[in-house]
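A.B. asks: In terms of full-length UniProt numbering, the sequence shown opens at residue 1 and continues consecutively.
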Amino acid sequence: MYFPSKKDLWLSIIYWLCALFFIIPPIFFPNFGVWISPSFLDKQWIKISTLSLIGLCLLWIWFKTGYTIKSDVLTIQYGPFRWTIKLAEIHSVTETKNPFTDPALSIDKLEINYGKFKTIAISPKNKTEFINQLRKQNLNISTDKINW
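(1) Are residue 133 and residue 71 closer than 9 Å when you measure CB to CB?
(2) Considering Cα atoms alone, identify which of 139, 130 and 107 is closest to residue 2.
(3) What separation, rounded to the nearest whole angstrom, lies between the Cα atoms of residue 12 and residue 90?
(4) Determine the DSSP secondary structure at residue 12, reduced to helix, strand or coil.
(5) How do the region 51-65 and the region 77-94 stand: do at least 3 beta-carbon pairs fall below 8 Å, yes or no?
(6) Look at residue 94 and residue 85 and say whether their C-beta atoms are less than 9 Å apart.
(7) Between which two residues does the alpha helix (DSSP H) harbouring residue 48 extend?
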């Protein structure tokens with residue numbers, strides 16, 4: 001079952017402004033990117049392709065962040081990045097408002113503790129259904145600190 005990431009408005013604005021900043025100005029303003037000054041990067045097409053790739057990567061993250069629960073595995077996709085966690089290894093799931101970088105597009109996250117001292121925070125749009133699906137596969141998952 002697929003769960004898209006919850007997306008905060010302020011993060012939406014930041015992602016879209018940064019993506020557009022990296023894609024549009026190098027194409028329409030040739031002197032943009034003068035801070036990329038090594039001699040081998042003096043060509044305009046190199047600036048356009050380098051900066052556009054960064055912008056497209058941000059858009060890839062925006063459109064392809066989600067979480068899939070299949071049989072015994074949780075797959076986390078964050079644009080070009082992917083994590084796979086065996087559901088049997090998950091110990092607990094707790095709510096967090098941790099602002100640090102995680103494969104999530106919201107500050108309203110679920111922190112998953114798995115394996116030996118491993119943790120990752122994600123932000124499924126429907127947290128209750130996500131936790132229910134996890135617990136169907138692994139009844140040993142602790143969810144004590146979650147406000148239902």
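All residues carry an ideal CB built from backbone N, CA and C; glycine is no exception.
C.D. replies: Taking the coordinates as given:
(1) Here residue 133 is taken as the residue at index 133 of the sequence shown, counted from 1. Here residue 71 is taken as the residue at index 71 of the sequence shown, counted from 1. Taking a C-beta distance under 9 Å as the contact criterion, residue 133 and residue 71 do not qualify as a contact pair.
(2) Taking the first residue of the sequence shown as position 1, residue 2 is located at position 2. Cα-wise, what sits closest to residue 2 is 130.
(3) As a working note, residue 12 is residue 12 in the sequence shown. As a working note, residue 90 is residue 90 in the sequence shown. Computed Cα separation, rounded: 30 Å.
(4) The sequence position of residue 12 within the sequence shown is 12, counting from 1. DSSP, reduced to helix, strand and coil, places residue 12 within a helical segment of the structure shown.
(5) These segments touch.
(6) Taking the sequence shown and counting its residues from 1, the one referred to as residue 94 is at position 94. Taking the sequence shown and counting its residues from 1, the one referred to as residue 85 is at position 85. It is not a contact, given that the beta carbons lie outside the stated cut-off.
(7) Mapped onto the sequence shown, residue 48 falls at position 48. Looking at the DSSP string, the run of the alpha helix (DSSP H) that includes residue 48 is 44-63.
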